[in-house]
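Structure, as structure tokens:
There are 2 protein chains.
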Amino acid sequence: MEDPDISQASGGETPASRAGTTGAGRSGLDQRRILDAAVRFIDENGLRMLTMQRLGAYLGVEGMALYRYVPGREALLDGVVETVVDELFSDPHVHLEAHSGWVDYLQRLAHGLRRIALAHPEVFPLVATRPPAAPWVRPPLRSLRWIESLLGVMTDAGFSDENAAAVYRAFSSFLLGHLLLEVAAHGVETGPVEEPDVSPSEDLSDYPNLQRLEPHLSVDAAAEDFEEALEALLDRVALLLPRRRRPARLTKDK
Amino acid sequence: MEDPDISQASGGETPASRAGTTGAGRSGLDQRRILDAAVRFIDENGLRMLTMQRLGAYLGVEGMALYRYVPGREALLDGVVETVVDELFSDPHVHLEAHSGWVDYLQRLAHGLRRIALAHPEVFPLVATRPPAAPWVRPPLRSLRWIESLLGVMTDAGFSDENAAAVYRAFSSFLLGHLLLEVAAHGVETGPVEEPDVSPSEDLSDYPNLQRLEPHLSVDAAAEDFEEALEALLDRVALLLPRRRRPARLTKDK
DNA sequence: ACCTGAACACCGTTCAAGT
DNA sequence: ACCTGAACACCGTTCAAGT
Numbered sequence: 001m002e003d004p005d006i007s008q009a010s011g012g013e014t015p016a017s018r019a020g021t022t023g024a025g026r027s028g029l030d031q032r033r034i035l036d037a038a039v040r041f042i043d044e045n046g047l048r049m050l051t052m053q054r055l056g057a058y059l060g061v062e063g064m065a066l067y068r069y070v071p072g073r074e075a076l077l078d079g080v081v082e083t084v085v086d087e088l089f090s091d092p093h094v095h096l097e098a099h100s101g102w103v104d105y106l107q108r109l110a111h112g113l114r115r116i117a118l119a120h121p122e123v124f125p126l127v128a129t130r131p132p133a134a135p136w137v138r139p140p141l142r143s144l145r146w147i148e149s150l151l152g153v154m155t156d157a158g159f160s161d162e163n164a165a166a167v168y169r170a171f172s173s174f175l176l177g178h179l180l181l182e183v184a185a186h187g188v189e190t191g192p193v194e195e196p197d198v199s200p201s202e203d204l205s206d207y208p209n210l211q212r213l214e215p216h217l218s219v220d221a222a223a224e225d226f227e228e229a230l231e232a233l234l235d236r237v238a239l240l241l242p243r244r245r246r247p248a249r250l251t252k253d254k
Numbered sequence: 255m256e257d258p259d260i261s262q263a264s265g266g267e268t269p270a271s272r273a274g275t276t277g278a279g280r281s282g283l284d285q286r287r288i289l290d291a292a293v294r295f296i297d298e299n300g301l302r303m304l305t306m307q308r309l310g311a312y313l314g315v316e317g318m319a320l321y322r323y324v325p326g327r328e329a330l331l332d333g334v335v336e337t338v339v340d341e342l343f344s345d346p347h348v349h350l351e352a353h354s355g356w357v358d359y360l361q362r363l364a365h366g367l368r369r370i371a372l373a374h375p376e377v378f379p380l381v382a383t384r385p386p387a388a389p390w391v392r393p394p395l396r397s398l399r400w401i402e403s404l405l406g407v408m409t410d411a412g413f414s415d416e417n418a419a420a421v422y423r424a425f426s427s428f429l430l431g432h433l434l435l436e437v438a439a440h441g442v443e444t445g446p447v448e449e450p451d452v453s454p455s456e457d458l459s460d461y462p463n464l465q466r467l468e469p470h471l472s473v474d475a476a477a478e479d480f481e482e483a484l485e486a487l488l489d490r491v492a493l494l495l496p497r498r499r500r501p502a503r504l505t506k507d508k
């Protein structure tokens, strides 16, 4: 009744599926087109500006027309999340098959998701907080195909079922925390258009440490932090394997 | 103009401040009372049910009455986040002064925030995603007082300014990722009231690894995961200190 | 001084009606 | 087959009016 899964086309009668041709009506409307437009709209105008009527206008249509292809606003947002996460499939730097070992695999997956987060900073909070379909679907890796893939790679590499699941959980937490904070920092600089008014950086007189450390806190070390934390996580994961099977040079030598 | 800081009472003329007595009008209305009621309302009914009119009714008042004490809905939400995070100050297990070393301090802080997240699972996504006031205010540790406190403890313990800032960033990412995923998992079990219909756990026939690992994925290991990841983070942080000053038994002996 | 009624602009959603 | 106009219930917010 609520949140009917969008784009799971199994049995779902969409106008396009009925029409024989993959084509569209006179307005070129289409579920794919609507979801893609929604992503672009959020990228350009921010999540809070997305409204059924405005998205309709963005598509040259009257807003209620969207309900022919989308069950409602909630389902639309679910579709937006799915659309954005699915970009991982077409990322040339993240080849499912062409990885050399689980370390390489997890690194590519992590960087692929980071690229998505940075490409859609306004969408990412949605990826992070939308209630998942199943309890074990953890943001930001919300695709069954990728979870399956990750678990397969890990178990093939010699991790026990328990450990593979633990790695999946740790990996999700790491990605979610880092990426959500990185896009939030991105947003706060370009975000609310307020004039600094009188105080250029508020009143920090009561906070001497904050005041002294402000230069250190304001530098954007997101990329380095991400890399370091990822390496630390991989080191920790490697310890789950019997010594013999551990990849050799995990501890950076640079 | 937007998001005027609530409860920063400096110069803000509230009815209570004008009335001499700390008391209230005939309805007992009050900014504190409104924010506390909003938190309770979200705890009980969920964030998406919170509306000005419903919150008004919850307080026995007409909804527009709230605008006398709160600039608007956005500011109300900011106030809710601040209210919940401020619970850390009155947590008896998290004493600012009575800590023995930075390890103990970070552990107490982490567990205090985890307690808050679990106490208000419906509020926490708000804590996680509300745009922070300054770029270096990172969720979920959104209080200037606590950031100041953390930086002070770390530098006093011998960490450089750069390293103290790095620890603050790593600590925030760790907390955000773990706690957001933990409350999300909590919500998905009690969340949407759907009937399982026909398929008790969807169709996993195309995902053999998922299918086989489902028991491992469904167990709630949040507490253990949190503890382990926290220990790993503390170990990693300790390496930033010169060997001499490192706390002795960080690697668990259990 | 504090709350309410009425009003405004906007929202999501449904459905009969147009083409 | 596809889109729109009109309608409904609900929002956030403002403000003159009540007590």
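As given, the protein sequences belong to chains A and B, one line each in that order. First residue of the first sequence? That's 1 in our numbering, and the numbers climb one at a time after it. First residue of the second sequence? That's 255 in our numbering, and the numbers climb one at a time after it. The beta-carbon is built from N, C-alpha and C at its ideal position, and this holds for glycine as well.
1. Which residues of chain B have a Cβ atom closer than 9 Å to the Cβ of Arg71/A, listed in chain order?
2. Note down the Cα distance separating Leu493/B from Glu228/A, rounded to an integer number of angstroms.
3. Buried or exposed for Gln53/A, please, with buried defined as at least 16 other CB atoms from any protein chain shown within 10 angstroms of its CB.
4. Roughly how many whole angstroms lie between the Cα atoms of Pro132/A and Arg280/B?
5. Would you mind reading off the limits of the alpha helix (DSSP H) that contains Met306/B?
6. Under three-state DSSP, which class holds Ala255/A?
7. What number of angstroms, rounded off, separates the C-alpha of Pro196/A from the C-alpha of Val81/A?
8. Going straight from the alpha carbon of Leu488/B to that of Val391/B, what length do you get?
9. Can you name the start and end residues of the alpha helix (DSSP H) that Tyr255/A belongs to?
10. How would you call Gly296/A, buried or exposed, if buried means at least 16 neighbouring beta carbons within 10 angstroms?
11. Taking the alpha carbon of Val127/A as the reference point, which residue from Ser90/A, Ser172/A and Ala165/A has its own alpha carbon closest?
12. Would you verify that the beta carbon of Gly11/A is, or is not, closer than 8 Å to some beta carbon of chain B?
13. Could you check whether the Cβ of Trp390/B sits closer than 8 Å to any Cβ belonging to chain A?
14. With distances taken from CA atoms, which of Asp410/B, Gly317/B and Gly355/B is nearest Pro501/B?
15. Can you grab the Cα-Cα spacing for the pair Ala222/A / Gly282/B, in whole Å?
16. What separation, rounded to the nearest whole angstrom, lies between the Cα atoms of Leu118/A and Arg423/B?
17. Indicate the three-state DSSP secondary structure (helix, strand or coil) for Tyr359/B in the structure shown.
18. Check whether the Cβ atoms of Val377/B and Val348/B sit closer than 8 Å, and answer yes or no.
19. Taking the CB atoms as reference points, tell me whether Arg236/A and Ala486/B lie closer together than 8 Å.
20. Does the stretch 289 to 306 of chain B come within contact of the stretch 314 to 333 of chain B, defined as at least 3 CB pairs closer than 8 Å?
Well, looking at it:
1. Contrary to the premise, residue 71/A reads as Pro rather than Arg in this sequence. The premise fails here: Pro71/A is roughly 14 Å from chain B at the closest Cβ pair, so nothing lies under 9 Å.
2. 13 Å
3. exposed
4. 44 Å
5. Met306 to Tyr312
6. The question about residue 255/A has no answer, for chain A in this structure spans 1 to 254.
7. Reliability fails at Pro196/A, whose pLDDT of 49 lies under 50, so the model's placement of it is uncertain and the value that follows must be treated cautiously. For Pro196/A and Val81/A, the distance between alpha carbons rounds to 34 Å.
8. 21 Å
9. Look at the range of chain A in this structure, 1 to 254, and you will see that residue 255/A is not part of it.
10. Only positions 1 to 254 of chain A appear in this structure, which leaves residue 296/A out of reach.
11. Ser172/A
12. Caution applies to Gly11/A, whose pLDDT of 38 falls short of 50 and renders its modelled position unreliable; the value that the coordinates give is listed next. Not one chain B Cβ lies under 8 Å of Gly11/A.
13. yes
14. Gly355/B
15. 47 Å
16. 18 Å
17. helix
18. no
19. yes
20. yes
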